[in-house]
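Enquirer: Below you will find the structure I want to go over with you.
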């Protein structure tokens, strides 16, 4: 079994800057000459994830409209935008969970390490084991803290004996930075933990099967500020070993933890670029107006 290690924590991203550009003349928000002001930032020679003209319809209504985006290795990319913009739908396309929705139609291509995940012959259930997922509300199994991590190891055939299982459970908690906190209460009920502790346990559970990508859909939305800060610290440390795609309504949180930010509006990818630039000098007026006017 491959050794799994993490290096020292990296520094967090830039803080959200005070916007100085406001207003401007009204323009067609989706005119062809405005949609890709930074096309060169959208492509990577060897991305971890590549989306090409990704489109999603629910009962004939298009909710994602031709999203093309590269996501690099060992980076955190935040996806921001208004409610209903298609952010969570985009996230669920990356692990094919979107297909569980009724009357869903997916077009375009999504590649993970060069493999088309929607190609015929790719089993969606097996594929999802390669992608970790963290949801807005903590959802630990109603078992012990230990079992929340050990269960995934067992069902994916990653352990052959109890001693190996125990060693890997400890390794996962150490990778997640939770061993010191949880080591003396591993067999306590997971549901006895605080909401913040439960969410961090859910992140550790996602790490157990050594995923190639971790998707996080508003992981701090149901937490207090202190618990949210601990989640951000985990994300900042985990990016050294994982690619993380984060949907966030909090612009400050997105700025602190991500290297790049993508802005989605009405199902379209309006702009993507380095986070500090996106929050200070965005190229598209729609991005500027959203960042200027979005409340926390």
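Residue numbers (the working numbering): 1 to 296. In this text, a Cβ means the ideal position worked out from N, Cα and C, and glycines have one as well.
1. Residues in its own chain within less than 7 angstroms of residue 55 by CB, not counting five upstream and five downstream?
2. On the three-pair Cβ rule with 8 angstroms, is the segment 223-235 touching the segment 271-279?
3. Run through the DSSP bridge pairs and tell me what residue 104 is partnered with.
4. Can you check whether the CB of residue 258 is closer than 9 angstroms to the CB of residue 275?
5. Got a sec? Which residues, its chain only, sit under 7 angstroms from residue 33 by beta carbon, not counting five neighbours each side?
6. CB-CB under 6 angstroms to residue 111, same chain, minus the five flanking residues each way: which ones, in chain order?
7. Would you mind stating whether residue 71 and residue 96 have Cβ atoms separated by less than 9 angstroms?
8. Considering residue 265, what are the terminal residues of the beta strand (DSSP E) in which it resides?
9. Just tell me which of 157, 143, 173, 139 has its CA closest to the CA of residue 129.
10. Going along the chain, which unbroken runs of the alpha helix (DSSP H) with 4 or more residues stay wholly within the segment 64-101?
11. Which residue's Cα is closest to the Cα of residue 223: 253, 260, 208?
12. For residue 130, does the three-state DSSP call read helix, strand or coil?
13. What does the alpha-carbon distance come out to for the pair residue 214 and residue 138?
14. List the whole-angstrom C-beta distance separating residue 76 from residue 239, where the pair is believed to meet the contact cut-off of C-beta under 8 angstroms.
15. Could you check whether the Cβ of residue 250 sits closer than 8 angstroms to any heavy atom belonging to the ligand NAP?
16. For residue 279 versus residue 291, is the C-beta spacing smaller than 9 angstroms?
17. Could you give the C-beta distance for residue 89 and residue 79, rounded to a whole number, given that I count them as a contact under 8 angstroms?
18. How far does the alpha helix (DSSP H) with residue 288 in it reach, from first residue to last?
19. Can you tell me whether residue 147 is buried or exposed, with buried defined as 16 or more other CB within 10 angstroms of its CB?
20. For residue 271, report the span of its beta strand (DSSP E) as first-last.
21. What's the C-alpha gap between residue 68 and residue 284?
22. Can you give me the C-alpha to C-alpha distance between residue 250 and residue 217, rounded to a whole angstrom?
Expert: Based on what the coordinates show:
1. Residue numbering aside, residue 55 sits at position 55 when the chain shown is read from its first letter. Hits under 7 angstroms: 62, 64, 65, 66, 107, 108.
2. Contact check between the segment 223-235 and the segment 271-279: fewer than three CB pairs, one atom from each, fall below 8 angstroms, which does not count as touching.
3. One-based indexing of the chain shown puts residue 104 at position 104. DSSP output for residue 104 lists 58 as bridge partner(s).
4. For the purposes of this step, residue 275 is identified with residue 275 of the chain shown, where counting begins at 1. For the purposes of this step, residue 258 is identified with residue 258 of the chain shown, where counting begins at 1. In terms of Cβ geometry, residue 275 and residue 258 form a close pair [threshold 9 angstroms].
5. Stepping through the chain shown from its first residue, residue 33 is reached at position 33. Its pLDDT being 36, under 50, residue 33 is placed unreliably by the model, and the measurement read from it follows with that caveat. Closer than 7 angstroms at the Cβ level, and outside the excluded window around residue 33, lies no residue.
6. Taking the first residue of the chain shown as position 1, residue 111 is located at position 111. Around residue 111, the same chain offers 50 as residues with beta carbons nearer than 6 angstroms, after the five sequence neighbours per side are excluded.
7. Within the chain shown, residue 71 is the residue found at index 71, counting from 1. Within the chain shown, residue 96 is the residue found at index 96, counting from 1. At the C-beta level, residue 71 and residue 96 stay beyond 9 angstroms of one another.
8. Residue numbering aside, residue 265 sits at position 265 when the chain shown is read from its first letter. Counting along the chain, the beta strand (DSSP E) containing residue 265 begins and ends at 260-265.
9. If you number the chain shown from 1, residue 129 lands on position 129. Out of 157, 143, 173, 139, 157 has the C-alpha closest to the C-alpha of residue 129.
10. Runs of the alpha helix (DSSP H) inside the segment 64-101: 87-93.
11. As a working mapping, residue 223 is identified with position 223 in the chain shown. Looking at the Cα atoms, 253 is the closest of the given residues.
12. Translated into positions along the chain shown, residue 130 becomes position 130. Three-state DSSP puts residue 130 in coil, outside helix and strand.
13. Position 214 of the chain shown holds residue 214. Position 138 of the chain shown holds residue 138. Distance between the alpha carbons of residue 214 and residue 138: 15 angstroms.
14. The count along the chain shown starts at 1 and reaches residue 76 at position 76. The count along the chain shown starts at 1 and reaches residue 239 at position 239. About 5 angstroms separates the beta carbon of residue 76 from that of residue 239, a gap short enough to meet the 8 angstroms contact definition.
15. As presented, the structure is devoid of all ligands, the ligand NAP included, so that no description of it is given.
16. Locating residue 279 in the chain shown gives position 279, where the first residue counts as 1. Locating residue 291 in the chain shown gives position 291, where the first residue counts as 1. Closer than 9 angstroms, so yes.
17. Counted from its first residue, the chain shown places residue 89 at position 89. Counted from its first residue, the chain shown places residue 79 at position 79. 11 angstroms between Cβ atoms; not a contact.
18. Taking the first residue of the chain shown as 1, we reach residue 288 at position 288. 285-293 is the span of the alpha helix (DSSP H), which, as asked, contains residue 288.
19. Mapped onto the chain shown, residue 147 falls at position 147. Buried, since its Cβ has 16 or more Cβ neighbours within 10 Å.
20. In the chain shown, counting from the first residue as 1, residue 271 sits at position 271. Here the beta strand (DSSP E) through residue 271 covers 268-274.
21. Stepping through the chain shown from its first residue, residue 68 is reached at position 68. Stepping through the chain shown from its first residue, residue 284 is reached at position 284. A direct Cα-Cα distance of roughly 17 angstroms separates residue 68 from residue 284.
22. Residue numbering aside, residue 250 sits at position 250 when the chain shown is read from its first letter. Residue numbering aside, residue 217 sits at position 217 when the chain shown is read from its first letter. Our two residues, residue 250 and residue 217, have alpha carbons roughly 12 angstroms apart in a direct line.
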